[in-house]
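In numbering that gives the first Met the number 0, the protein residues as written are 0 to 257.
Let me begin by presenting the structure, written as structure tokens, before commenting on it.
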Amino acid sequence: MPRNVVVTGSGSGIGAALTALFRAQGDRVIGVDLHGGEVEADLSTPGGRAAAAAAATEAAGGVVDAVVTCAGTSVPGTAMVTVNYFGTTEFVTALRPALAAAERSRVVAIGSISGTQPHDPEVVAACLAGDEATALEHAERAVADGRARQLYPSSKAALAQWARRTAVSEGWADAGIPVNVVAPGIVLTPMSAGLFDDPEMKKVMDAAVPMPLNGYLEPEDVARAVLFLASEGNSHITGQVVYVDGGAEATLRGPADF
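Here you go:
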């Protein structure tokens, strides 16, 4: 039977690849994107997130079988906090009643290997406290201090911690809703294209994210991992950060950190 699947950032990259895979297996995808999705919304604002969740719920007839959050930005700046973190957590939370209405619903958030790298602890703490105003204050300070690039790993570290906390919280595990994160290494998407154009940046990137198994990822490589975690076949995997990274996390952290 077709499932109702909500995918944010459905217009490009991992979101587009995942949308194609879901539709190929007969699922109904409700894409959420700035432009061109079944739901057009700006996830960088509280109002935009609430409106997107309401529209997606209505389009799904009040029952959402899976939600996958692919929307995000790698452009250094405060949108890394508003979109990457709050644009996921508040959107997913707003969909919880529709997820609970399904028999076997699933949540998967797209994280990043960068979440294991140095981040701004004040930004992370404010995100996890649900205090967007304070998170933005700290993010603006990071930008002013020349640390804007630190906001990406900060948003992804906070997202991973939120998912692990939420997965075992009331209203989620007891409602049968697994919550997981898929954390890719370097993915060949429009969002990352500019990084490959600069030889020096590419060198830095390869050193920061070494991928000994099969090199860079295509969006479909990530989408296939997400597809299982979002499926009814995933009965007991929850609160996990699954690294789809060609061995980067194991290389960087070593075998003792798991």
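Using N, Cα and C, we set each Cβ at its ideal position, and we do this for glycine too.
For I109, which three-state DSSP category applies? strand
7 Å CB neighbourhood of A247 in its chain, flanking five on each side removed: Only residues of its own chain outside the window of five on either side were considered, and among them I112, G184, V208, P209 and M210 have a CB closer than 7 Å to the CB of A247, listed in chain order.
Count the other CB atoms, across all protein chains shown, that sit within 10 Å of the CB of M79; report buried if there are 16 or more and exposed otherwise. buried
Quickly, what does DSSP pair R27 with across the bridge? List them, please. N3
Express the C-alpha separation of T92 and T237 in angstroms, rounding to a whole number. If I take the Cα positions, the gap works out to 16 Å.
Helix, strand or coil at N258 [DSSP, three-state]: This structure leaves residue 258 out entirely; the chain is present only between 0 and 257.
Check whether the stretch 129-140 and the stretch 53-68 touch, using three or more Cβ-Cβ pairs below 8 Å as the test. Contact fails: fewer than three Cβ-Cβ distances are below 8 Å.
If you follow the alpha helix (DSSP H) that V225 is part of, which residue opens it and which one closes it? P218 to L228
Locate the alpha helix (DSSP H) running through Y151, then write down its first and last residues. L150 to A166
Suppose only complete runs of 4+ residues qualify. What are the alpha helix (DSSP H) ranges in the stretch 19-105, listed by chain order? 45-58, 86-93 and 95-99
My output table needs one value for P183: the three-state DSSP class, helix, strand or coil. Strand.
In this structure, how does DSSP classify R122 when only helix, strand and coil are distinguished? The sequence shown places Val at residue 122, not Arg. In the structure shown, V122 sits in a helix (DSSP, three-state: H, G or I).
According to DSSP, residues forming a beta bridge with V241: V181
Counting Cβ pairs, one atom from each stretch, are 3 or more of them under 8 Å apart for the stretch 211-230 and the stretch 240-255? Here the stretch 211-230 makes contact with the stretch 240-255; the two share three or more CB pairs at distances below 8 Å.
For E169, does the three-state DSSP call read helix, strand or coil? E169: coil per DSSP, three-state reduction.
Between the Cα of T88 and the Cα atoms of V107, G214 and P120, which residue gives the shortest distance? V107
Are there three or more Cβ pairs, one per stretch, closer than 8 Å when the stretch 26-43 is compared with the stretch 92-101? no
Is L194 buried or exposed, if buried means 16 or more other CB atoms sit within 10 Å of its CB? exposed
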